[in-house]
Structure formats: structure tokens, C-alpha cells
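**Q**
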Amino acid sequence: YMSEEDAFWLLVALLKGAVHAPMEGLYHAGLPLVQQYLFQLENLVREVIPKLGEHFTQEMINPSMYASQWFITVFSYSFPFPLALRIWDVFLSEGVKIVFKVGLALLNYCQDELVKLPFEKLIHALKIFPEDAMNPDTLLPLAYSIKVSKRLEELKVDYDKTIAKPVWK
Numbered sequence: 005y006m007s008e009e010d011a012f013w014l015l016v017a018l019l020k021g022a023v024h025a026p027m028e029g030l031y032h033a034g035l036p037l038v039q040q041y042l043f044q045l046e047n048l049v050r051e052v053i054p055k056l057g058e059h060f061t062q063e064m065i066n067p068s069m070y071a072s073q074w075f076i077t078v079f080s081y082s083f084p085f086p087l088a089l090r091i092w093d094v095f096l097s098e099g100v101k102i103v104f105k106v107g108l109a110l111l112n113y114c115q116d117e118l119v120k121l122p123f124e125k126l127i128h129a130l131k132i133f134p135e136d137a138m139n140p141d142t143l144l145p146l147a148y149s150i151k152v153s154k155r156l157e158e159l160k161v162d163y164d165k166t167i168a169k170p171v172w173k
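Mind the numbering: the sequence shown is residues 5 to 173 in this note's numbering, read in order.
Next comes the structure, spelled out in C-alpha cells:
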């Protein structure tokens with residue numbers, strides 16, 4: 005792979021936005037970038053997987069309950085190493101949109117089972133996905149088929165207008 009020093013400087017470059025948008029907002033107080041991404045993901049789930057989005061609403065599930073780690077670690081915390089490695093390759097090439105695509109693909113793949121579960125079981129299922137869903141050759145083609153770039157930009161504008169800015173001055 006790479007030396008410790010090279011890994012350190014790669015992390016600095018990622019945080020400062022040398023490759024894509026800066027990631028440092030993921031780690032600031034209040035996790036502002038994570039909050040934006042969760043807002044975007046919640047809306048995308050409702051649009052791309054409406055049946056599951058409705059079930060999440062009924063069960064009062066929001067993305068902060070299952071997806072924060074996806075964005076903070078780019079799946080390296082909870083995914084098998086071969087899958088996480090392939091996601092990181094795309095992440096370094098294309099940026100954060102792969103996290104949205106993989107998350108949506110995973111939720112879509114598991115949707116038939118997830119919509120049957122009540123809150124307690126749903127929370128557990130959203131942390132431990134089935135082994136077949138973790139197969140890179142299954143999950144990544146599904147992820148690549150999901151188009152999110154334009155919608156992510158629109159949702160960022162919505163977020164900046166409504167959520168990120170205080171109502172008072």
C-alpha cells in the first residue's frame with residue numbers, strides 16, 4: 005500500500021480538498037458536513053426508494069441512526085475490507101457521491117426485508133447487512149447505476165437555504 009508518511013499526507017490532502025471537496029467539515033464541532041450529507045441522503049432515500057423512505061418515516065428512522073459512520077469513515081469501519089477498498093478507490097477518483105450511491109444501493113438491495121421490520125429490529129439490520137449484500141461484484145454495479153450528482157447539488161442548495169442558515173440575525 006503506502007508508507008505512514010504518504011498516508012498522512014494523503015489524509016491532509018483529502019481534508020483540505022486537494023482531490024475533491026474538502027472533508028474537514030466532517031470533523032469540525034457539530035459535524036456540519038455530516039449533517040448536510042444526512043439531509044441529502046434522507047431526501048434521496050425518499051426519492052430513490054420511496055417504499056423504504058415511507059417505512060423509515062413511519063418507524064421514525066433517520067439517517068443519523070445508521071449512516072453517519074458511512075460518511076465519516078467512507079465505509080471502512082463497517083464494511084468488509086475488499087469492498088471498502090474498492091469504494092475508497094472510487095472515492096479518491098470521484099469524491100463523496102460514491103458514498104451516497106453505495107448507501108442507496110445497499111438500502112435498495114435490502115429493501116424487501118427492511119420494510120418488514122419494526123423499529124428495534126430495523127436499527128439492528130441497518131448496522132449489520134447480509135453477506136450477499138456486501139459482495140463488491142453485486143453491490144458496486146447497483147451503486148454505479150444510481151445517478152445522484154445533479155440531485156446532490158440541488159439538495160445542497162436546499163440545505164444551505166433552510167437548514168444551515170439561522171432564521172434570525
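Cβ coordinates follow ideal geometry from the N, Cα and C atoms, glycine included. Here the structure is a predicted model, which is why all the values come from computation and not from measurement.
Suppose contacts are defined by Cβ-Cβ distances below 8 Å. Is Q201 in contact with L42 by that definition?
**A** Since the first residue shown for the chain is 5 and the last is 173, residue 201 is missing from the structure and cannot be characterised.
**Q** Just the C-alpha distance for L159 and P36, rounded to the nearest angstrom, thanks.
**A** Spanning the two alpha carbons is a distance of roughly 15 Å.
**Q** I need the straight-line Cα distance from F50 to I91, nearest angstrom please.
**A** Per the sequence shown, residue 50 should be read as Arg rather than Phe. Distance between the alpha carbons of R50 and I91 is about 23 Å.
**Q** Which term fits F60, buried or exposed, when burial requires 16 or more other beta carbons within 10 angstroms of its beta carbon?
**A** Label assigned to F60: buried.
**Q** My understanding is that L146 touches N112, with C-beta atoms under 8 Å, so please give their C-beta distance in whole angstroms.
**A** That belief holds up - the Cβ atoms of L146 and N112 are roughly 7 Å apart, short of 8 Å.
**Q** With 16 other CB atoms within 10 Å as the buried threshold, where does K131 fall?
**A** Exposed, because fewer than 16 other Cβ atoms sit within 10 Å of the Cβ of K131.
**Q** Any contact of the region 97-106 with the region 150-159, i.e. 3+ C-beta pairs under 8 Å?
**A** Touching, per the Cβ criterion.
**Q** Indicate the three-state DSSP secondary structure (helix, strand or coil) for G57 in the structure shown.
**A** Helix, per DSSP.
**Q** According to DSSP, is I127 helix, strand or coil?
**A** Looking at I127 - three-state DSSP - the assignment turns out to be helix.
**Q** Just how far apart, CA to CA, sit L18 and E9?
**A** Roughly 14 Å between the two C-alpha positions.
**Q** Is the region 64-75 in contact with the region 124-143, if contact means three or more CB pairs nearer than 8 Å?
**A** As far as the Cβ criterion goes, the region 64-75 touches the region 124-143, which means the pair count is three or higher.
**Q** What do you get for A109, buried or exposed, if any count of 16 or more other CB atoms within 10 angstroms of its CB means buried?
**A** Classification of A109: buried, given that the 10 Å Cβ count is 16 or more.
**Q** Give a yes or no on whether 8 Å exceeds the smallest Cβ distance from I150 to chain D.
**A** Included in the structure is just one protein chain, with no chain D present.
**Q** On a CA-only basis, which of K105, I65, Q40 and W13 is nearest P122? Give me that one, please.
**A** When only C-alpha atoms are compared, the closest one is I65.
**Q** Between which two residues does the alpha helix (DSSP H) containing N47 stretch?
**A** Here the alpha helix (DSSP H) through N47 covers P36 to V52.
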